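Numbering (our numbering), first residue to last: 16 to 145.
All C-beta atoms in this analysis are idealised placements derived from N, C-alpha and C, irrespective of residue type, glycine included.
Remember, it's a predicted structure, so these values are computed and weren't measured experimentally.
Okay, structure coming up:
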């Protein structure tokens, strides 16, 4: 994946992080990534010195002037998925175009799961009993 260079910045800009952060800002989005990537990410987050990945659940294809983005999301139960997806798309396009200067030509959103209100134990890794 080629990353665009931003004037005055020595390191290439990675659109994944910006896209992931922009998607998480939208109300109704619980998490990014599929079940396996969330599990691996949760383990990585618990490792001392490990860092969480803003790009989890985000895939990008970068060209010289354009980029296409694929997102895997988990939505909260009860939200209007089409409205949340439209808001995610708008937020991601704005953030990535502002940060990288690339034209975002596609934002594909896959809803991998719906988080139910009683799903709290699966996210914390705690069991049902002590």
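Beta-carbon proximity of residue i to residue j, cut-off 8 angstroms
i           : j           : result
residue 104 : residue 122 : yes
residue 94  : residue 31  : no
residue 88  : residue 44  : yes
residue 119 : residue 84  : yes
Beta-bridge pairing of residue i - partner residues as DSSP gives them
i          : result
residue 82 : 77, 119
residue 96 : Residue 96 is not bridged to any residue.
residue 91 : 130
Exposure label - residue i; buried when at least 16 CB within 10 Å
i           : result
residue 113 : exposed
residue 38  : buried
residue 79  : exposed
residue 53  : Low confidence applies here, because residue 53 scores a pLDDT of 49, under 50, leaving its location unreliable and the question unanswered by this model.
residue 116 : exposed
residue 109 : exposed
residue 144 : exposed
residue 97  : exposed
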